[in-house]
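Structure record follows, encoded as structure tokens.
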């Protein structure tokens, strides 16, 4: 079968190649791939920045945002042939640490977890893949190819759950949420926050085009420019850019008692103020800065519900390009108007 693979740590090694059919030891559920969405993580692995091949292998099958159709449900699963499914990405460490032991591998404490398409387990950018029944999530069939957005939605569901949990350390009634960055994660964050009836604002550097239109279609407010120039202090900020200046501005702009949740992973940036001054502001306003990454099975179930409640027409506009597997190079190249690029392996 065909698969998109890479030799981790070596830029320029991504290729579409023939590989063996998935081994039954990888899972009893056999899935025909429909689509795999491209994430910034995939682009960085392709660029040789990180990634780990399975033990004893030199190459890794890319892809962690998946959608497929069950070919063979195996002997002991509740799935049926034809079900649409997505695959949970992370696996617990073998020790296991206390968090992995209770099903929260997203909070792994010793770093020995593994991840499909990223760390020591082949991903989903292949014509067929296998998965353990407990790590497959049935996708609402009415979503069609939009089901490939489930994994990024899990990231946001966890982030917003974290914000709420931290905020409830005191009497807290958040009314305004600011999302920084109008990429796929940021737009999904705005959409899920709007489902809860929250007043949502989105800040991005793009002044015109699809991103502002999508934000306004949600009934949210779109902003450009410096975060420090906003005329309000949000109760919560979901930071999705990873840009140092935006993070620093978020910490300065958050309202008293508010929570800044960092989801974006960037590459540093120039310091914008003394650490002690920033810390003093956090202390004096009772603020919390918290990081959030990945998701566990609870978040996948919640994300399936939230995604199913979003407007299909709006969701479809998030997918700005669909490429064939043989056009993987174009799929991995970011273009100015891209939001979410999808590699489609078969018809829905």
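In the numbering used here, the protein residues as written are 247 to 594.
Just so it is clear, CB atoms sit at the ideal spot from N, CA and C, and this is done for glycine as well.
Predicted, not measured: the structure shown is a model, and the values here were computed from it.
Which term fits residue 487, buried or exposed, when burial requires 16 or more other beta carbons within 10 angstroms of its beta carbon?
Counting from 1 along the chain shown, the entry for residue 487 is found at position 241. Residue 487 should be labelled buried.
Just the Cα atoms here: how many angstroms apart are residue 284 and residue 454?
On the chain shown, residue 284 is found 38 positions in, with the first residue counted as 1. On the chain shown, residue 454 is found 208 positions in, with the first residue counted as 1. When rounded, the distance between both Cα atoms is 24 Å.
Just to confirm my understanding: we take residue 367, look at its own chain, exclude 5 residues before and 5 after, and list those with CB closer than 7 Å. What are they?
The sequence position of residue 367 within the chain shown is 121, counting from 1. 300, 337, 360, 361.
Can you give me the C-alpha to C-alpha distance between residue 568 and residue 311, rounded to a whole angstrom?
Looking up residue 568 in the chain shown gives position 322. Looking up residue 311 in the chain shown gives position 65. Going by the C-alpha atoms only, they are around 14 Å apart.
Quick one: measure Cβ to Cβ for residue 485 and residue 508, integer angstroms, because I've assumed they're closer than 8 Å.
As a working note, residue 485 is residue 239 in the chain shown. As a working note, residue 508 is residue 262 in the chain shown. Confirmed, Cβ separation roughly 5 Å.
Can you tell me whether residue 312 is helix, strand or coil according to DSSP?
Here residue 312 refers to the residue found at position 66 of the chain shown. Looking at residue 312 - three-state DSSP - the assignment turns out to be strand.
Name the residue from 309, 428, 438 whose alpha carbon lies nearest to the alpha carbon of residue 584.
Within the chain shown, the letter at position 338 stands for residue 584. Ranking the options by Cα distance to residue 584, first place goes to 428.
Going straight from the alpha carbon of residue 517 to that of residue 562, what length do you get?
As a working mapping, residue 517 is identified with position 271 in the chain shown. As a working mapping, residue 562 is identified with position 316 in the chain shown. The predicted model places residue 517 with a pLDDT of 49, which falls under 50 and marks its position as unreliable, so this point remains unresolved.
Residue ranges of each beta strand (DSSP E) run of no fewer than 3 residues wholly in the stretch 339 to 415, ordered along the chain?
Taking only runs of at least 3 residues, the beta strand (DSSP E) segments lying wholly in the stretch 339 to 415 are 360 to 362, 374 to 377, 382 to 384.
Which residues in the same chain as residue 260 place their Cβ atom closer than 8 Å to its Cβ, once the five residues preceding and following it in sequence are excluded?
Against the chain shown, residue 260 aligns to sequence position 14. Same-chain partners within the cutoff: 250, 251, 252, 292, 308, 574, 575, 578.
Which ranges does the beta strand (DSSP E) cover as unbroken runs of at least 3 residues, wholly within the stretch 494 to 574, from first to last along the chain?
Runs of the beta strand (DSSP E) inside the stretch 494 to 574: 505 to 508, 534 to 537, 565 to 569.
Taking the DSSP output, what are the residues bridged to residue 198?
Lying outside 247 to 594, the shown extent of the chain, residue 198 is not represented and no answer is given.
Can residue 425 and residue 432 be called in contact, C-beta distance under 8 Å?
Counted from its first residue, the chain shown places residue 425 at position 179. Counted from its first residue, the chain shown places residue 432 at position 186. In contact: residue 425 and residue 432 (Cβ atoms closer than 8 Å).
Below 6 Å CB to CB, which residues in the same chain sit around residue 257 once its five sequence neighbours on both sides are set aside?
For the purposes of this step, residue 257 is identified with residue 11 of the chain shown, where counting begins at 1. Excluding sequence neighbours, residue 257 sits near 293, 294.
Taking only the alpha-carbon atoms, compute the straight-line gap between residue 269 and residue 376 and give it to the nearest angstrom.
Here residue 269 refers to the residue found at position 23 when the chain shown is read from its first residue. Here residue 376 refers to the residue found at position 130 when the chain shown is read from its first residue. About 7 Å.
Which residues bound the beta strand (DSSP E) around residue 276?
If you number the chain shown from 1, residue 276 lands on position 30. Start and end: 275 to 284.
Please tell me whether residue 382 and residue 589 are closer than 8 Å, where the distance is taken between their beta carbons.
Stepping through the chain shown from its first residue, residue 382 is reached at position 136. Stepping through the chain shown from its first residue, residue 589 is reached at position 343. Cβ atoms of residue 382 and residue 589: not closer than 8 Å.
Determine, using beta-carbon pairs with one atom in the stretch 378 to 392 and one in the stretch 342 to 357, whether at least three such pairs fall under 8 Å.
No, the stretch 378 to 392 does not touch the stretch 342 to 357.
Can you tell me whether residue 265 is helix, strand or coil according to DSSP?
Within the chain shown, numbered from 1, the residue matching residue 265 stands at position 19. Residue 265 falls in the coil class under three-state DSSP.
What would DSSP say about residue 289, mapped onto helix, strand or coil?
The residue labelled residue 289 in the question sits at position 43 within the chain shown. Three-state result, residue 289: helix.
What is the DSSP secondary structure of residue 578, counted as helix, strand or coil?
Along the chain shown, one-based indexing puts residue 578 at 332. Three-state result, residue 578: coil.
Please list the terminal residues of the continuous beta strand (DSSP E) segment that includes residue 445.
On the chain shown, position 199 is the one that residue 445 refers to. Residues 445 to 449.
Would you mind reading off the limits of the beta strand (DSSP E) that contains residue 457?
On the chain shown, position 211 is the one that residue 457 refers to. Not the beta strand (DSSP E): residue 457 falls in the alpha helix (DSSP H), residues 456 to 463.
Nearest-angstrom Cα distance between residue 448 and residue 565?
Residue 448 sits at position 202 when you count from the first residue of the chain shown. Residue 565 sits at position 319 when you count from the first residue of the chain shown. Cα to Cα, the separation comes out at about 19 Å.
What are the start and end residues of the alpha helix (DSSP H) that includes residue 596?
In the structure as shown, the chain begins at 247 and stops at 594. Residue 596 is therefore absent and cannot be evaluated.
Tell me whether the beta-carbon of residue 400 lies closer than 8 Å to the beta-carbon of residue 541.
Residue numbering aside, residue 400 sits at position 154 when the chain shown is read from its first letter. Residue numbering aside, residue 541 sits at position 295 when the chain shown is read from its first letter. Closer than 8 Å, so yes.
Pull up the distance between the alpha-carbon of residue 533 and that of residue 413, whole angstroms please.
For the purposes of this step, residue 533 is identified with residue 287 of the chain shown, where counting begins at 1. For the purposes of this step, residue 413 is identified with residue 167 of the chain shown, where counting begins at 1. Those two C-alpha atoms are separated by around 9 Å.
Would DSSP call residue 271 helix, strand or coil?
For the purposes of this step, residue 271 is taken as residue 25 along the chain shown, with counting starting at 1. Helix.
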